[in-house]
Structures are given as structure tokens and as C-alpha cells.
RNA sequence: CGGGGCGUGGCGCAGUCCGGUAGCGCGCCUGAAUGGGGUUCAGGAGGUCCGGGGUUCAAAUCCCCGCGCCCCGACCA
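Numbering (the working numbering), first residue to last: 1 to 375.
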């Protein structure tokens, strides 16, 4: 391993280490707008892998994706008292458009309950229309005072599930089920230790009856709220008049839930596995699971080594995400350094000596010594 | 929003106290030699010194007013 990564050691200043590693691994860049974050291709690839896994899990639990608008009328947000009180201080509001002042300001969604339920209310007439199990992948804006890449940004990407049920117990069950889905994802995909539990009234989602959360444990011994699931009771149903007719012919308000995880998960991933050498990614969420570093001197060697590298890549096709780093102008050492700091789990080195012995050198990101293995 | 730190080529910084030709390292471009743990040498490109005023023969440097960023705290996915 590299003796000096150029990064501030975690033990010295964990926050400094974090801000350095997100840059060094080329996950993000800063934007001209305060608190907003550019997610670079390597960072976005991690998000795409998370999205795919979570989306499959949501579909498997009966949810369908939809998309609701970015803007909501100020009056819609105002309809649930606690909700508006909680979110109003954090909203970005559009007052002008098309060169004129708007009659009613438009709020950029901080979350979509107030966008979704006024519309979906009309989709629900009878108990036969329930449950409604929706999910949406979207961006939201919350005007946070202090921001950090992935962990707290003004605009962030997330997934928000919104459901409506005929009975209180069903909604409670749904809120707990999705908390379990999050926990499963964090365990199985992220290899991130979490504690699940219920939030105190003061930490509860604005407008919820109960908020459950996954608290992830970071290497600096702090907890990170990594996912939340809310039992909304009938608060939003009353605010947006979402009713259904029961078997007996009565009219009742539905019982709602909402639940979400965001790009903050990437921050959790970084703080769970990263070390003083940089990022370290669990294989299931690594954009490149294997990087092949070919080594050569002469052109003949180069051709032979690259041919072997292609064979290896072909052999792994469909089983692993492989990248061959055949850049000409960098020495092998520079490539080792770069891919270690960017968290690639496995590195294969192939040079003339390996060709002669019909072997490759395999190095794992999480270990310090080399292992030699035959292909 | 309170406290602290900082704005100088793409990045990291020195120079500011004590005003006098814009510097260093990395990166980038060209060429050659290298190539199994951040290659080496030679040549080269790249800067409204955050912005606006002021003082001065002369301002990155001194004075005034703004703006922005980072970190800590409180608040939040």
C-alpha cells in the first residue's frame, strides 16, 4: 500500500479526511451555487448501483414508480400545519417566472406529500382502490445552513415512497416493512452496520405520527441518519381530503406512509469503509470491481500483455465490472495509487513476468500484502 | 444563524507584518529516455492576486465597504 496517501489521517481530523477523499476519489465537484454538489460520473455510478438494487426491492414489495412535479403551490404546502411549520424555513420559493411576478409563489419541493396527495386523492374512490403503493426517484431542495458533499446538500437526489391504506394497522405495517427493506439494503449491499428504531417526538418528520429510522454507525463513532420511514396516520389525508368508501359504504380518510433514502447513503458508504488510503468500496456497489493494470516495456510486451488483459476481461464478462487501465503515460505505481484511493476492491497486475509464469498478481484493496494467484 | 479559518494559473500553497518586475510544488502541453508501488531530464503554455472604492509616484501587500468558500456548533435525508 502507499505509505503516504496525501490525505489527512482519519484519526487526526475525520471531517478533513472526508472532504479530501470525496475530491480525491473524483466523486463530486463543487458548483457555483452554494451548497449544491456536482456528482461526477464515478460518484453517480455508485448512485446508479444503489438505485437499481433499491428499485428492485421496492418492486418486489409491490410498489410502482411514478413522477410528480418539481413545483408545488405555496398554498398546498400550507395545508398541513405541522408540515409547513417544519419545512417552510428550508424551502426555496420561486416568485418570478416568464419575466413577471407570479400570482402565487411556487415552492420547490422539499418532499412531495403536498404534491402527490391532492392529485392522488382523485384516484381513490373505494376501498378497492387501496392500497396505493407509489415510489418516485427525484431531486428535492432544502435550504440547509451548512452543507457537506453527499451528507447534507441544498439539492439532493433521493427516492420517496408514498402509500395510502384503508386501515391504520396496514399503514403501520408498511412503515415498518420499508424500514426493514432499508436495513436489508444497508446490510447486504452496503455492508454498513445500522441500528433501527423510532425517533423522538422532536426528531419526528413534520406531520408524521411516528418516524422510524436507520442510524448507521460511522468510523468516527458518530451515527448517521441513513433512512427514514414515517407512519403519517391520517394527518395528510385530512389536510388533502383523501377519502375512500368502505365496504359498509362509509367515507373514511386513508392512512398514509412515506419513506426515503438519499444520496446521503453514499456519504455513509464513504465513512463506513474508507481509510487513510482513501475510498474503499464494497464490491456490490463498486463501479469497477476489478481494475486490470497491464505492465510492459517494449511494444511486443505491450501487445502480449494487453491481449492477456482482454482475455481476462472477457473471462469475467457478465460476472464482474472490469476496467483495463491501459493509459500510456502513467507508470504502474501511479495507477495502483490512483485506484486504491478511488476504492476499487480488486486489482489484477499483468506483466511480462506473469505471462512467463502463466499467472496474474491479485491485490485486494482491504489488505496490505500481495497475494499471488493463478488465473 | 453564532464562532473560527481562508480567498493569489486547473489543484495545493508562499509572498501581505515591513508597498517596488507574479513565485513555488503538483497537474497540463512537446520531445527523449523510462516502465513490477506516486518515473526522469529538457523545453513550454497558463494569472482581472474574490469584487468595488480609497491612500500613494507605485497596492496581492495599507485603509474602508461588500461577496464567496471551508470547518465547528445549533437544525436537518
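The C-beta atom is built at its ideal place from N, Cα and C for all residues, glycine as well. What you are looking at is a predicted structure, and each value in this text was computed from that prediction instead of being measured.
- The stretch 251-289 is shown to contain whole alpha helix (DSSP H) runs of 4 or more residues at 264-273, in chain order.
- Using a 10 angstroms sphere on the CB of residue 162, the tally of other CB atoms reaches 16 or more, which defines it as buried.
- Contact check for residue 292 against residue 324 passes: the beta carbons are separated by less than 7 Å.
- When 75, 6, 165 and 142 are compared, the shortest CA-CA separation from residue 245 is found for 165.
- Its chain contains 283, 320, 321 and 345 as the residues whose beta carbon lies nearer than 6 Å to that of residue 289, once the 5 sequence neighbours on both sides are disregarded; these appear in chain order.
- Nearest in C-alpha terms to residue 285, of all of 242, 43 and 170, is 43.
- Judged by pairs of C-beta atoms under 8 Å, the stretch 265-273 touches the stretch 140-152, as three or more such pairs exist.
- For residue 47, the enclosing alpha helix (DSSP H) begins and ends at 41-60.
- The C-alpha of residue 221 lies about 24 Å from the C-alpha of residue 50.
- Restricted to the stretch 319-365, the alpha helix (DSSP H) segments that are unbroken, complete and at least 4 residues in length are 332-341 and 352-357, listed in chain order.
- In this structure, the alpha-carbon of residue 311 lies about 58 Å from that of residue 236.
- Per DSSP, reduced to three states, the secondary structure at residue 63 is coil, with no helix or strand assignment.
- Around the CB of residue 193, fewer than 16 other CB atoms lie within 10 Å, so the residue is classed as exposed.
- The stretch 55-74 makes contact with the stretch 168-183, as at least three CB pairs between them are under 8 Å.
- Secondary structure note for residue 34: it is in no alpha helix (DSSP H), with a DSSP letter that is neither H nor E.
- Runs of the beta strand (DSSP E) lying entirely within the stretch 209-253 and spanning at least 3 residues, in chain order: 210-217, 223-233, 243-245 and 251-253.
- Bounds of any beta strand (DSSP E) do not take in residue 74; it lies within the alpha helix (DSSP H) bounded by 74-77.
- Rounded to the nearest angstrom, the gap between the Cα atoms of residue 57 and residue 132 is 17 Å.
- For residue 105, the uninterrupted beta strand (DSSP E) segment begins and ends at 100-108.
- With three or more CB-CB distances shorter than 8 Å, the stretch 102-114 counts as touching the stretch 73-91.
- Spanning the alpha carbons of residue 123 and residue 172 requires a straight line of approximately 22 Å.
- Shown here, residue 198 sits in a strand according to DSSP, grouped into three states.
- For secondary structure counted as the beta strand (DSSP E) over 3 or more consecutive residues, the stretch 97-169 holds these complete runs in sequence order: 100-108, 132-141 and 155-165.
- Residue 300 holds the alpha-carbon nearest to the alpha-carbon of residue 355 among 99, 300 and 48.
- Per the coordinates, the alpha-carbon of residue 80 lies some 56 Å from the alpha-carbon of residue 363.
- At the C-beta level, residue 136 and residue 66 come within 7 Å of one another.
- Taking C-beta atoms under 8 Å as the contact rule, residue 279 and residue 53 fail to qualify, at a distance of about 19 Å.
- Relative to the Cα of residue 23, the nearest Cα in the group 259, 249, 218 and 6 belongs to 6.
- In the three-state DSSP reduction, residue 92 falls in the strand class (E or B).
- The DSSP-derived three-state label of residue 13 is coil.
- Setting aside the 5 residues that flank it on each side, residue 213 is surrounded in the same chain by 199, 225 and 228, each with a C-beta closer than 6 Å to its C-beta; the list follows chain order.
- For residue 85, the enclosing alpha helix (DSSP H) begins and ends at 81-87.
- In terms of Cα proximity to residue 117, the closest of 352, 159, 218 and 240 is 240.
- By the neighbour-count criterion, in which 16 or more other beta carbons inside 10 Å mark a residue as buried, residue 348 falls on the buried side.
- When rounded, the separation of the alpha-carbon atoms in residue 141 and residue 92 is 7 Å.
- Taking the Cα positions, residue 196 is about 14 Å away from residue 260.
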